Ligand code: ATP
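Structure (structure tokens):
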């Protein structure tokens, strides 16, 4: 395993696109630490697969360098990079048995036969396919085939990293949980460097130690799931992560106070740098408390609608003309004359979409 360093990577798919300034990756400068479990998370088209293919060598970046440890691998072909990859759809040999499929990458690397037998047996147990070891892969279900793909990626212990590109898309929902915990367990045990591409926040947050959030060809934040939840560096991160996402409301800052309409909003930080553009406040629906109007320190709101989502309700309201969602436990009564309170510590101030603290 090795630390993977991405040094000022930019990528345009054609020279014409580059001339037009149309880059799939704009500027990626980041390291995946040795033995870390990372998720690359972002909406469709933000550049996740492009970045993964640059790491594996399927693509050469237009600019920048990739290093595995001290070694510059930018110009090396995929087979010279010693990387295992698991794709969205199973890549296995239909005419081979399950066991032969798992043994294949080890035989290729001339691992001694007794060791291959032991490693294949162990992996068969991990992915729950011992009973089908001698069955041809052709007749298996899509779930089982994808388990073989995962097993083939994980069976090698000598790789620099394992890259996963939306590997659970074809898996049924229950099995997704099973395989995700298997990946987590194997990671904890063997500490392989794993990079896992997904556009599904639940998948990213449950799998990864660190989540790399991408937006429009750039990395906007790298953090633990808690950091992304509590302190989104960019309003996009706040909105994309969470269900419903963070409330983002236009505001003004005057005399060290943040204001929405005429209401003074308690915030952690109400100092906007001079020349800052559009100012916004971000607060998660989980931190908005619905109270009766007149409660000390409360701000009056108008409730537009209430959506039942099982154990909780989403209350859609307006505060000084700005939309505000609150998450309320099922069973909690809704006041007729509603107001909200929140802790200043839970309210973030953004200028031009970036968290002000982070820019200072
Ligand atoms: P998805 O989740 O939909 O796979 P992604 O985040 O992986 O999206 P990429 O597939 O890396 O995004 O695409 C990034 C950008 O590059 C997109 O604008 C896409 O249209 C463009 N792109 C991808 N492949 C090519 C290609 N072969 N030629 C030209 N443009 C491409």
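In the numbering used here, the protein residues as written are 2 to 361. C-beta atoms are modelled at their ideal positions from N, C-alpha and C, and glycine is treated no differently. The structure displayed is predicted, hence computed values, not measured ones.
Quick check: residue i and residue j, are their CB atoms within less than 8 Å of each other?
i: residue 352; j: residue 278; result: yes
i: residue 234; j: residue 356; result: yes
i: residue 3; j: residue 35; result: yes
i: residue 60; j: residue 99; result: no
i: residue 236; j: residue 298; result: no
i: residue 92; j: residue 165; result: no
i: residue 401; j: residue 242; result: Outside the shown range of the chain (2 to 361) lies residue 401, about which nothing can therefore be said.
i: residue 76; j: residue 138; result: no
i: residue 155; j: residue 187; result: yes
i: residue 57; j: residue 82; result: yes
i: residue 255; j: residue 320; result: no
May I ask you to list the residues that DSSP assigns as paired with residue i?
i: residue 119; result: Looking at the DSSP assignment, residue 119 forms no beta bridge with any residue, so it has no partner.
i: residue 248; result: 284
i: residue 162; result: 84
i: residue 349; result: 283
i: residue 215; result: 220
i: residue 197; result: 40, 165
i: residue 79; result: Residue 79 pairs with nothing; no bridge assigned.
i: residue 344; result: DSSP lists no partner for residue 344.
i: residue 330; result: 313
i: residue 260; result: 253, 265
i: residue 323; result: 320
i: residue 98; result: 137
Would you mind reading off the limits of the beta strand (DSSP E) that contains residue i?
i: residue 33; result: 26-33
i: residue 8; result: 5-12
i: residue 66; result: 64-69
i: residue 167; result: Taken as a continuous stretch (DSSP letters only), residue 167 belongs to no beta strand (DSSP E), as it is neither H nor E.
i: residue 302; result: From DSSP, residue 302 is part of no beta strand (DSSP E); its letter is neither H nor E.
i: residue 314; result: 313-320
My guess is that residue i and residue j are in contact by the Cβ rule of under 8 Å, so how many angstroms apart are they, rounded?
i: residue 350; j: residue 282; result: 6 Å
i: residue 218; j: residue 25; result: 6 Å
i: residue 62; j: residue 12; result: 5 Å
i: residue 161; j: residue 288; result: Not confirmed; about 41 Å, so no contact.
i: residue 151; j: residue 65; result: Rounded, the Cβ-Cβ distance is 30 Å, inconsistent with contact.
How is the alpha helix (DSSP H) around residue i delimited, first residue to last?
i: residue 181; result: 174-191
i: residue 155; result: 143-155
i: residue 15; result: Here residue 15 belongs to no alpha helix (DSSP H), and DSSP marks it neither H nor E.
- Query: Okay, do the region 330-339 and the region 307-317 touch, 3+ Cβ pairs below 8 Å being the bar?
  - Reply: Yes, since at least three Cβ pairs between the region 330-339 and the region 307-317 fall closer than 8 Å, the two stretches touch.
- Inter-stretch contact at 8 Å, needing at least 3 Cβ pairs: the region 176-196 / the region 96-115: No: the two stretches stay apart, fewer than three of their Cβ pairs being nearer than 8 Å.
- Query: Should the region 130-150 be called in touch with the region 169-179, which here means at least 3 C-beta pairs below 8 Å?
  - Reply: In short, these stretches touch, since the Cβ pair count reaches three.
- Is it true that the region 247-254 meets the region 321-331, where meeting means three or more beta-carbon pairs spaced less than 8 Å apart? Short answer: they touch.
- Say whether the region 47-58 touches the region 211-231, bearing in mind that this needs 3 or more beta-carbon pairs closer than 8 Å, one atom from each stretch. Touching, yes, given that three or more Cβ pairs across the two stretches are closer than 8 Å.
- Item | Contact between the region 195-206 and the region 112-132 (3+ Cβ pairs under 8 Å) | Counting Cβ pairs under 8 Å, fewer than three are found: no touch.
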